[in-house]
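S.K.:
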Amino acid sequence: MANPSGPLVGYRVLDLGGPLSLHCTKLLADMGADVIKVESPKGDESRRVPPFKDDVPHPETSLYHLHFNTNKRSITLDIEKPDGRAILLELCSKADVVIETFRPSRAKELRLTYADLSAGNPKLIVASITPFGQNGPWKEYKANDMAGIALGNLLYLAGEPGEPPLQPPGEIAYGMASTYGAFGIAVALYHRLDSGKGQHIDVSMHECGGHIAGYFIPNYGYTGDKPARASRKGEETDLYDPYKTKNGYARIFIIPIEQWRRLVEWMGKPPSISGPEFEKMAFRRKHPDIVVGAIAEFCAKHTKEELYEEGQKRRIAVTPINTAGEFVEMEQTKARGLFEEVKHPLIGTYKQFGPVPRLMDSPGGIFRPAPLLGEHNAEIHRGELGLNGDDLAALRASGVI
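Sequence positions in the sequence shown follow my numbering and run 4 to 404.
So this is what it looks like as C-alpha coordinates:
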(Lines of atoms letter the chains of each structure in order from A and count residues from 1; the text may use other names and numbers.)
(Lines give C-alpha, C1' and ligand atoms only; values in the text may rest on other atoms or scores of the structure.)
Protein backbone atom coordinates (compact mmCIF):
# COMPACT_ATOMS: atom_id res chain seq x y z
CA MET A 1 0.00 0.00 0.00
CA ALA A 2 1.30 3.43 -0.94
CA ASN A 3 1.61 6.14 1.68
CA PRO A 4 -1.32 8.59 1.67
CA SER A 5 -0.70 11.99 0.13
CA GLY A 6 -2.79 15.06 -0.40
CA PRO A 7 -3.80 18.24 1.41
CA LEU A 8 -5.70 16.43 4.19
CA VAL A 9 -2.90 14.14 5.36
CA GLY A 10 -2.68 14.43 9.14
CA TYR A 11 -6.41 14.97 9.68
CA ARG A 12 -8.45 12.16 11.22
CA VAL A 13 -12.11 11.65 10.36
CA LEU A 14 -14.50 9.26 12.13
CA ASP A 15 -17.19 8.01 9.76
CA LEU A 16 -20.40 7.16 11.62
CA GLY A 17 -22.61 7.86 8.62
CA GLY A 18 -24.80 5.84 6.31
CA PRO A 19 -25.42 6.10 2.55
CA LEU A 20 -26.18 9.81 2.79
CA SER A 21 -22.57 10.65 3.68
CA LEU A 22 -20.61 8.00 1.77
CA HIS A 23 -19.47 10.36 -0.96
CA CYS A 24 -18.43 12.97 1.62
CA THR A 25 -16.09 10.60 3.42
CA LYS A 26 -14.73 9.30 0.11
CA LEU A 27 -13.85 12.83 -1.01
CA LEU A 28 -11.95 13.41 2.23
CA ALA A 29 -10.20 10.02 2.17
CA ASP A 30 -9.09 10.44 -1.43
CA MET A 31 -7.49 13.75 -0.44
CA GLY A 32 -5.38 12.05 2.21
CA ALA A 33 -7.52 12.22 5.37
CA ASP A 34 -7.34 9.22 7.70
CA VAL A 35 -10.99 8.17 7.52
CA ILE A 36 -11.99 5.46 9.98
CA LYS A 37 -15.28 3.71 9.22
CA VAL A 38 -16.93 2.86 12.52
CA GLU A 39 -19.14 -0.08 11.57
CA SER A 40 -21.49 -2.29 13.50
CA PRO A 41 -20.18 -5.86 13.89
CA LYS A 42 -22.53 -6.80 11.01
CA GLY A 43 -21.11 -4.14 8.70
CA ASP A 44 -22.62 -0.95 7.33
CA GLU A 45 -25.36 -0.67 4.71
CA SER A 46 -23.03 -0.10 1.77
CA ARG A 47 -21.79 -3.68 2.00
CA ARG A 48 -25.28 -4.99 1.18
CA VAL A 49 -25.91 -2.87 -1.91
CA PRO A 50 -25.63 -4.60 -5.32
CA PRO A 51 -24.10 -5.20 -7.77
CA PHE A 52 -21.79 -7.87 -6.36
CA LYS A 53 -18.86 -9.67 -7.94
CA ASP A 54 -20.25 -12.62 -9.93
CA ASP A 55 -23.74 -11.59 -8.69
CA VAL A 56 -23.12 -13.40 -5.39
CA PRO A 57 -24.07 -11.23 -2.37
CA HIS A 58 -21.13 -10.89 0.00
CA PRO A 59 -20.26 -8.05 2.43
CA GLU A 60 -16.79 -7.66 0.92
CA THR A 61 -17.64 -7.77 -2.80
CA SER A 62 -20.30 -5.10 -3.24
CA LEU A 63 -19.06 -2.87 -6.06
CA TYR A 64 -20.99 -0.02 -4.44
CA HIS A 65 -19.00 -0.52 -1.24
CA LEU A 66 -15.73 -0.83 -3.16
CA HIS A 67 -16.31 2.47 -4.96
CA PHE A 68 -17.31 4.61 -1.99
CA ASN A 69 -14.89 3.30 0.63
CA THR A 70 -11.44 3.51 -0.96
CA ASN A 71 -8.63 4.72 1.31
CA LYS A 72 -10.66 4.21 4.49
CA ARG A 73 -9.86 2.05 7.49
CA SER A 74 -12.55 -0.08 9.13
CA ILE A 75 -13.20 -0.98 12.74
CA THR A 76 -16.22 -2.73 14.19
CA LEU A 77 -17.88 -1.13 17.19
CA ASP A 78 -21.40 -1.35 18.57
CA ILE A 79 -21.85 2.25 19.68
CA GLU A 80 -25.22 1.47 21.25
CA LYS A 81 -23.50 -0.48 24.02
CA PRO A 82 -21.81 1.39 26.90
CA ASP A 83 -18.36 -0.04 26.20
CA GLY A 84 -18.70 0.75 22.51
CA ARG A 85 -19.80 4.31 23.22
CA ALA A 86 -16.87 4.80 25.61
CA ILE A 87 -14.40 3.64 22.96
CA LEU A 88 -16.02 5.94 20.40
CA LEU A 89 -15.69 8.95 22.70
CA GLU A 90 -12.03 8.11 23.25
CA LEU A 91 -11.56 8.07 19.49
CA CYS A 92 -13.36 11.43 19.30
CA SER A 93 -10.86 12.92 21.72
CA LYS A 94 -8.13 12.29 19.14
CA ALA A 95 -10.10 13.09 15.97
CA ASP A 96 -10.48 16.24 13.90
CA VAL A 97 -13.85 15.48 12.33
CA VAL A 98 -16.85 13.25 12.98
CA ILE A 99 -19.45 12.66 10.27
CA GLU A 100 -22.84 11.28 11.27
CA THR A 101 -26.30 10.85 9.73
CA PHE A 102 -28.48 10.25 12.80
CA ARG A 103 -31.91 11.79 13.16
CA PRO A 104 -31.61 14.45 15.91
CA SER A 105 -33.69 12.39 18.34
CA ARG A 106 -31.59 9.31 17.65
CA ALA A 107 -28.38 11.22 18.40
CA LYS A 108 -29.89 12.31 21.73
CA GLU A 109 -31.02 8.77 22.49
CA LEU A 110 -27.50 7.46 21.88
CA ARG A 111 -26.01 10.41 23.78
CA LEU A 112 -23.97 11.21 20.68
CA THR A 113 -24.99 14.78 19.99
CA TYR A 114 -22.45 17.42 19.02
CA ALA A 115 -22.14 18.37 22.71
CA ASP A 116 -21.51 14.74 23.67
CA LEU A 117 -19.00 14.04 20.92
CA SER A 118 -17.01 17.24 21.44
CA ALA A 119 -17.07 17.29 25.26
CA GLY A 120 -13.53 15.94 25.48
CA ASN A 121 -12.25 17.73 22.39
CA PRO A 122 -13.33 21.36 21.81
CA LYS A 123 -11.46 21.35 18.49
CA LEU A 124 -13.71 18.62 17.10
CA ILE A 125 -15.77 19.39 14.00
CA VAL A 126 -19.00 17.38 13.71
CA ALA A 127 -20.86 17.26 10.39
CA SER A 128 -24.46 16.10 10.67
CA ILE A 129 -25.71 15.18 7.19
CA THR A 130 -29.41 14.40 7.40
CA PRO A 131 -32.49 14.52 5.15
CA PHE A 132 -33.95 17.72 6.64
CA GLY A 133 -31.42 19.23 9.01
CA GLN A 134 -31.33 19.71 12.78
CA ASN A 135 -34.50 21.78 13.20
CA GLY A 136 -37.87 22.38 11.60
CA PRO A 137 -41.05 20.24 11.61
CA TRP A 138 -39.51 17.58 9.34
CA LYS A 139 -36.21 17.17 11.20
CA GLU A 140 -37.10 13.63 12.37
CA TYR A 141 -38.35 12.38 9.01
CA LYS A 142 -36.44 9.77 7.07
CA ALA A 143 -35.86 10.24 3.35
CA ASN A 144 -33.92 8.44 0.65
CA ASP A 145 -32.14 9.85 -2.39
CA MET A 146 -35.31 9.92 -4.50
CA ALA A 147 -37.09 11.96 -1.83
CA GLY A 148 -34.18 14.39 -1.88
CA ILE A 149 -34.49 15.20 -5.58
CA ALA A 150 -38.29 15.06 -5.47
CA LEU A 151 -38.67 17.54 -2.60
CA GLY A 152 -35.88 19.77 -3.90
CA ASN A 153 -37.69 20.41 -7.22
CA LEU A 154 -35.16 18.56 -9.40
CA LEU A 155 -37.44 15.60 -10.14
CA TYR A 156 -40.38 17.78 -11.17
CA LEU A 157 -38.26 19.67 -13.70
CA ALA A 158 -37.47 16.55 -15.78
CA GLY A 159 -40.24 15.22 -18.00
CA GLU A 160 -42.80 16.07 -20.66
CA PRO A 161 -45.70 18.40 -19.83
CA GLY A 162 -48.66 16.39 -18.60
CA GLU A 163 -46.51 13.29 -18.02
CA PRO A 164 -44.96 11.92 -14.80
CA PRO A 165 -41.49 13.21 -13.86
CA LEU A 166 -38.53 11.26 -15.19
CA GLN A 167 -36.41 9.48 -12.59
CA PRO A 168 -32.66 9.98 -13.08
CA PRO A 169 -30.22 7.19 -12.24
CA GLY A 170 -27.60 7.28 -9.52
CA GLU A 171 -27.77 9.02 -6.16
CA ILE A 172 -27.91 12.70 -7.00
CA ALA A 173 -29.29 14.02 -3.71
CA TYR A 174 -26.93 11.89 -1.62
CA GLY A 175 -24.02 13.10 -3.74
CA MET A 176 -25.02 16.75 -3.41
CA ALA A 177 -25.48 16.55 0.36
CA SER A 178 -22.13 14.79 0.68
CA THR A 179 -20.35 17.34 -1.50
CA TYR A 180 -21.77 20.26 0.47
CA GLY A 181 -20.79 18.40 3.64
CA ALA A 182 -17.20 17.99 2.47
CA PHE A 183 -17.08 21.68 1.54
CA GLY A 184 -18.40 22.62 4.98
CA ILE A 185 -15.78 20.46 6.66
CA ALA A 186 -12.96 22.00 4.63
CA VAL A 187 -14.17 25.51 5.50
CA ALA A 188 -14.55 24.60 9.19
CA LEU A 189 -11.00 23.20 9.27
CA TYR A 190 -9.75 26.45 7.74
CA HIS A 191 -11.72 28.49 10.29
CA ARG A 192 -10.25 26.39 13.10
CA LEU A 193 -6.74 27.51 12.13
CA ASP A 194 -7.62 30.96 13.51
CA SER A 195 -10.26 30.19 16.12
CA GLY A 196 -8.72 27.04 17.57
CA LYS A 197 -12.24 25.67 17.99
CA GLY A 198 -14.40 23.13 16.24
CA GLN A 199 -18.05 23.59 15.36
CA HIS A 200 -21.23 21.78 14.34
CA ILE A 201 -22.05 21.62 10.61
CA ASP A 202 -25.74 21.14 9.77
CA VAL A 203 -26.28 19.76 6.23
CA SER A 204 -29.83 19.24 4.97
CA MET A 205 -30.17 17.06 1.86
CA HIS A 206 -33.49 18.80 1.16
CA GLU A 207 -31.82 22.21 1.08
CA CYS A 208 -28.94 20.95 -1.06
CA GLY A 209 -31.41 19.67 -3.65
CA GLY A 210 -33.09 23.05 -3.88
CA HIS A 211 -29.80 24.93 -3.86
CA ILE A 212 -28.41 23.00 -6.83
CA ALA A 213 -31.59 23.42 -8.92
CA GLY A 214 -30.18 26.63 -10.38
CA TYR A 215 -32.36 29.63 -11.03
CA PHE A 216 -35.67 27.75 -11.00
CA ILE A 217 -36.45 28.19 -7.30
CA PRO A 218 -35.15 31.80 -7.05
CA ASN A 219 -37.20 32.57 -10.18
CA TYR A 220 -40.33 31.40 -8.38
CA GLY A 221 -39.35 33.53 -5.39
CA TYR A 222 -39.10 36.60 -7.61
CA THR A 223 -42.06 36.05 -9.94
CA GLY A 224 -44.32 33.44 -8.39
CA ASP A 225 -44.31 31.63 -11.75
CA LYS A 226 -43.98 27.86 -11.91
CA PRO A 227 -40.94 27.05 -14.09
CA ALA A 228 -41.37 25.09 -17.30
CA ARG A 229 -40.15 21.51 -17.28
CA ALA A 230 -36.95 20.45 -19.01
CA SER A 231 -38.52 18.59 -21.93
CA ARG A 232 -38.55 18.82 -25.71
CA LYS A 233 -41.85 20.66 -25.56
CA GLY A 234 -40.96 22.85 -22.61
CA GLU A 235 -40.22 26.53 -22.89
CA GLU A 236 -36.83 26.18 -21.19
CA THR A 237 -35.39 23.51 -23.47
CA ASP A 238 -35.30 24.72 -27.07
CA LEU A 239 -32.97 22.20 -28.73
CA TYR A 240 -31.72 20.27 -25.70
CA ASP A 241 -33.35 16.99 -26.78
CA PRO A 242 -31.25 13.85 -27.24
CA TYR A 243 -31.11 13.07 -30.94
CA LYS A 244 -30.69 9.54 -32.27
CA THR A 245 -27.54 9.04 -34.33
CA LYS A 246 -26.16 6.08 -36.27
CA ASN A 247 -24.56 4.67 -33.12
CA GLY A 248 -26.33 6.19 -30.14
CA TYR A 249 -27.45 9.65 -29.10
CA ALA A 250 -26.15 13.21 -29.08
CA ARG A 251 -27.45 16.50 -27.74
CA ILE A 252 -27.33 19.91 -29.38
CA PHE A 253 -27.49 23.04 -27.26
CA ILE A 254 -28.18 26.27 -29.16
CA ILE A 255 -28.73 29.73 -27.68
CA PRO A 256 -26.72 32.44 -29.54
CA ILE A 257 -28.07 33.41 -32.95
CA GLU A 258 -24.61 32.90 -34.48
CA GLN A 259 -24.61 29.25 -33.41
CA TRP A 260 -28.07 28.77 -34.90
CA ARG A 261 -26.95 30.18 -38.24
CA ARG A 262 -23.88 27.92 -38.27
CA LEU A 263 -26.05 24.90 -37.46
CA VAL A 264 -28.51 25.64 -40.27
CA GLU A 265 -25.63 26.09 -42.72
CA TRP A 266 -24.05 22.81 -41.58
CA MET A 267 -27.38 21.04 -42.11
CA GLY A 268 -27.53 22.29 -45.70
CA LYS A 269 -30.12 24.99 -45.01
CA PRO A 270 -33.25 22.82 -44.87
CA PRO A 271 -36.26 24.91 -46.00
CA SER A 272 -38.35 23.99 -42.95
CA ILE A 273 -36.07 25.93 -40.56
CA SER A 274 -34.09 28.31 -42.78
CA GLY A 275 -36.46 31.26 -42.53
CA PRO A 276 -35.25 34.33 -40.60
CA GLU A 277 -38.05 33.88 -38.07
CA PHE A 278 -36.31 30.72 -36.79
CA GLU A 279 -33.29 32.77 -35.74
CA LYS A 280 -35.36 33.98 -32.80
CA MET A 281 -35.27 31.62 -29.85
CA ALA A 282 -38.82 32.56 -28.87
CA PHE A 283 -40.10 31.48 -32.29
CA ARG A 284 -38.18 28.19 -32.17
CA ARG A 285 -39.67 27.44 -28.77
CA LYS A 286 -43.16 27.93 -30.19
CA HIS A 287 -42.46 25.42 -32.98
CA PRO A 288 -40.42 22.64 -31.34
CA ASP A 289 -41.80 19.87 -33.55
CA ILE A 290 -40.54 21.56 -36.72
CA VAL A 291 -37.12 22.33 -35.25
CA VAL A 292 -36.64 18.98 -33.57
CA GLY A 293 -37.84 17.10 -36.63
CA ALA A 294 -35.31 18.77 -38.93
CA ILE A 295 -32.39 18.29 -36.54
CA ALA A 296 -33.39 14.69 -35.82
CA GLU A 297 -33.35 13.88 -39.54
CA PHE A 298 -29.88 15.41 -39.85
CA CYS A 299 -28.41 13.66 -36.81
CA ALA A 300 -29.69 10.25 -37.93
CA LYS A 301 -27.29 10.42 -40.89
CA HIS A 302 -24.16 10.71 -38.72
CA THR A 303 -22.42 9.01 -35.82
CA LYS A 304 -22.31 10.88 -32.54
CA GLU A 305 -18.52 11.17 -32.87
CA GLU A 306 -18.86 12.74 -36.31
CA LEU A 307 -21.38 15.24 -34.97
CA TYR A 308 -19.14 16.10 -32.03
CA GLU A 309 -15.97 16.58 -34.06
CA GLU A 310 -17.64 18.68 -36.73
CA GLY A 311 -19.56 20.62 -34.10
CA GLN A 312 -16.28 21.52 -32.42
CA LYS A 313 -14.89 22.78 -35.73
CA ARG A 314 -17.98 24.90 -36.30
CA ARG A 315 -18.15 26.09 -32.66
CA ILE A 316 -21.53 24.47 -32.11
CA ALA A 317 -22.33 22.82 -28.77
CA VAL A 318 -22.86 19.18 -29.76
CA THR A 319 -22.31 16.53 -27.10
CA PRO A 320 -22.22 12.76 -27.57
CA ILE A 321 -24.18 10.87 -24.91
CA ASN A 322 -21.79 8.25 -23.55
CA THR A 323 -22.44 4.86 -22.07
CA ALA A 324 -20.41 3.93 -18.97
CA GLY A 325 -17.99 1.95 -21.13
CA GLU A 326 -17.55 4.81 -23.57
CA PHE A 327 -16.80 7.18 -20.70
CA VAL A 328 -14.11 4.86 -19.34
CA GLU A 329 -12.54 4.22 -22.75
CA MET A 330 -12.71 7.70 -24.27
CA GLU A 331 -9.41 9.38 -25.17
CA GLN A 332 -9.93 12.29 -22.77
CA THR A 333 -10.50 9.99 -19.81
CA LYS A 334 -7.41 7.91 -20.59
CA ALA A 335 -5.22 10.94 -21.26
CA ARG A 336 -6.03 12.34 -17.82
CA GLY A 337 -5.37 9.04 -16.07
CA LEU A 338 -8.72 9.23 -14.30
CA PHE A 339 -8.87 5.56 -13.37
CA GLU A 340 -6.30 3.84 -11.19
CA GLU A 341 -5.75 0.12 -10.83
CA VAL A 342 -6.58 -1.19 -7.37
CA LYS A 343 -5.88 -4.67 -6.04
CA HIS A 344 -8.44 -6.11 -3.62
CA PRO A 345 -7.88 -9.41 -1.76
CA LEU A 346 -11.23 -10.85 -2.89
CA ILE A 347 -12.04 -8.93 -6.06
CA GLY A 348 -8.60 -8.94 -7.63
CA THR A 349 -7.41 -6.01 -9.75
CA TYR A 350 -10.00 -3.53 -11.00
CA LYS A 351 -10.26 0.08 -12.17
CA GLN A 352 -11.19 2.68 -9.57
CA PHE A 353 -11.94 6.38 -9.92
CA GLY A 354 -9.02 8.54 -8.92
CA PRO A 355 -9.46 11.67 -6.78
CA VAL A 356 -11.68 14.50 -7.99
CA PRO A 357 -10.92 17.43 -8.04
CA ARG A 358 -7.19 17.51 -8.79
CA LEU A 359 -4.94 19.73 -6.74
CA MET A 360 -1.89 20.26 -8.88
CA ASP A 361 0.58 20.82 -6.03
CA SER A 362 -0.89 18.39 -3.48
CA PRO A 363 -2.82 15.68 -5.32
CA GLY A 364 -4.56 12.90 -3.49
CA GLY A 365 -4.75 9.35 -4.82
CA ILE A 366 -6.00 5.83 -4.25
CA PHE A 367 -3.74 4.33 -1.59
CA ARG A 368 -5.74 1.33 -0.44
CA PRO A 369 -8.87 -0.53 -1.57
CA ALA A 370 -12.09 -0.45 0.41
CA PRO A 371 -11.44 -2.16 3.75
CA LEU A 372 -12.61 -5.57 4.84
CA LEU A 373 -15.04 -5.47 7.74
CA GLY A 374 -13.06 -4.75 10.91
CA GLU A 375 -9.79 -5.03 8.99
CA HIS A 376 -8.12 -2.45 11.23
CA ASN A 377 -9.50 -3.54 14.60
CA ALA A 378 -6.14 -4.64 15.98
CA GLU A 379 -4.33 -1.68 14.43
CA ILE A 380 -6.64 0.84 16.10
CA HIS A 381 -8.12 -0.85 19.17
CA ARG A 382 -4.85 -2.39 20.27
CA GLY A 383 -2.19 -0.25 18.59
CA GLU A 384 -3.73 3.20 19.09
CA LEU A 385 -6.11 2.81 22.04
CA GLY A 386 -3.89 0.43 24.01
CA LEU A 387 -6.42 -2.37 24.51
CA ASN A 388 -4.83 -5.75 25.21
CA GLY A 389 -5.78 -9.23 24.07
CA ASP A 390 -8.02 -9.86 27.06
CA ASP A 391 -9.82 -6.56 26.50
CA LEU A 392 -10.47 -7.40 22.86
CA ALA A 393 -11.64 -10.91 23.70
CA ALA A 394 -14.11 -9.53 26.24
CA LEU A 395 -15.38 -6.92 23.79
CA ARG A 396 -15.79 -9.58 21.12
CA ALA A 397 -17.63 -11.91 23.49
CA SER A 398 -20.08 -9.16 24.43
CA GLY A 399 -20.70 -8.20 20.80
CA VAL A 400 -19.11 -4.76 21.05
CA ILE A 401 -16.62 -5.47 18.25
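The beta carbon of each residue, even a glycine, is placed where N, CA and C say it ideally should be. Please read these numbers as outputs of a predicted model, since none were measured by experiment.
According to DSSP, is Y252 helix, strand or coil?
M.R.: Translated into positions along the sequence shown, residue 252 becomes position 249. Three-state result, Y252: strand.
S.K.: Return helix, strand or coil for A130, following the three-state DSSP convention.
M.R.: Residue numbering aside, residue 130 sits at position 127 when the sequence shown is read from its first letter. In this structure, A130 counts as strand in the three-state DSSP scheme.
S.K.: Within 10 angstroms of its Cβ, does P172 collect 16 or more other Cβ (buried), or is it exposed?
M.R.: Residue numbering aside, residue 172 sits at position 169 when the sequence shown is read from its first letter. Exposed.
S.K.: Sorted by chain position, which residues of the same chain lie with C-beta nearer than 7 Å to Y144's C-beta, five sequence neighbours on each side aside?
M.R.: In the sequence shown, residue 144 corresponds to position 141, counting from 1. Within the same chain, Y144 has close Cβ partners P134 and F135.
S.K.: What residue range is occupied by the uninterrupted beta strand (DSSP E) comprising E103?
M.R.: Position 100 of the sequence shown, counted from the start, is the residue given in the question as residue 103. Start and end: V100 to E103.
S.K.: Out of curiosity, what's the CA-to-CA distance linking P316 and Y193?
M.R.: The residue given as residue 316 occupies position 313 in the sequence shown. The residue given as residue 193 occupies position 190 in the sequence shown. According to the sequence displayed, residue 316 carries Lys and not Pro. Distance between the alpha carbons of K316 and Y193 is about 44 Å.
S.K.: Which value, in whole angstroms, describes the spacing of the CA atoms of A185 and A32?
M.R.: Numbered from 1 along the sequence shown, position 182 holds the residue referred to as residue 185. Numbered from 1 along the sequence shown, position 29 holds the residue referred to as residue 32. Roughly 11 Å between the two C-alpha positions.
S.K.: Just how far apart, CA to CA, sit K167 and P10?
M.R.: Taking the sequence shown and counting its residues from 1, one reaches residue 167 at position 164. Taking the sequence shown and counting its residues from 1, one reaches residue 10 at position 7. According to the sequence as given, residue 167 is Pro; it is not Lys. Answer to the nearest angstrom: the Cα atoms are 45 Å apart.
S.K.: Between V294 and I276, is the Cβ-Cβ spacing less than 7 Å?
M.R.: Stepping through the sequence shown from its first residue, residue 294 is reached at position 291. Stepping through the sequence shown from its first residue, residue 276 is reached at position 273. Yes, Cβ-Cβ distance for V294 and I276 is below 7 Å.
S.K.: List in chain order: all unbroken alpha helix (DSSP H) runs of 4+ residues lying wholly within the region 156-207.
M.R.: 157-160 and 175-198
S.K.: I need the DSSP call for D18, collapsed to helix, strand or coil.
M.R.: By one-based count along the sequence shown, residue 18 stands at place 15. It is a strand residue.
S.K.: Only counting the same chain, and skipping five residues up and downstream in sequence, which positions put a Cβ closer than 8 Å to that of M407?
M.R.: What is shown of the chain runs 4 to 404, which leaves residue 407 out entirely.
S.K.: Buried or exposed: where does E344 fall if 16 or more other Cβ atoms within 10 Å of its Cβ makes it buried?
M.R.: Locating residue 344 in the sequence shown gives position 341, where the first residue counts as 1. Answer is exposed; the Cβ neighbour count stays below 16.
S.K.: Is it a yes or a no for the region 29-46 touching the region 63-75, going by three-plus beta-carbon pairs under 8 Å?
M.R.: yes
S.K.: Can you tell me which of the three DSSP states E239 falls into?
M.R.: For the purposes of this step, residue 239 is taken as the residue at position 236 of the sequence shown. Low confidence applies to E239: its pLDDT is 49, below 50, so where it sits in the model is not reliable enough to give any reading.
S.K.: Rounded to a whole number of angstroms, what is the C-alpha to C-alpha distance between F219 and Y246?
M.R.: Stepping through the sequence shown from its first residue, residue 219 is reached at position 216. Stepping through the sequence shown from its first residue, residue 246 is reached at position 243. Distance between the alpha carbons of F219 and Y246 is about 25 Å.
S.K.: Along the alpha helix (DSSP H) that carries D37, what are the first and last residues, could you check?
M.R.: The residue labelled residue 37 in the question sits at position 34 within the sequence shown. Counting along the chain, D37 falls outside any alpha helix (DSSP H), though it belongs to the beta strand (DSSP E) covering D37 to E42.
S.K.: Leaving out five residues before and five after A110 in sequence, what residues of the same chain have Cβ atoms less than 6 Å from its Cβ?
M.R.: As a working note, residue 110 is residue 107 in the sequence shown. Within the same chain, A110 has close Cβ partners T116.
S.K.: Within the continuous beta strand (DSSP E) that includes T79, where are the two ends?
M.R.: Here residue 79 corresponds to residue number 76 of the sequence shown, with the count starting at 1. Residues R76 to T79.
S.K.: On the three-pair Cβ rule with 8 Å, is the region 196-212 touching the region 47-56?
M.R.: no
S.K.: Measure the C-alpha to C-alpha separation of G368 and H70 and round it to an integer number of angstroms.
M.R.: The residue labelled residue 368 in the question sits at position 365 within the sequence shown. The residue labelled residue 70 in the question sits at position 67 within the sequence shown. C-alpha separation (whole angstroms): 13 Å.
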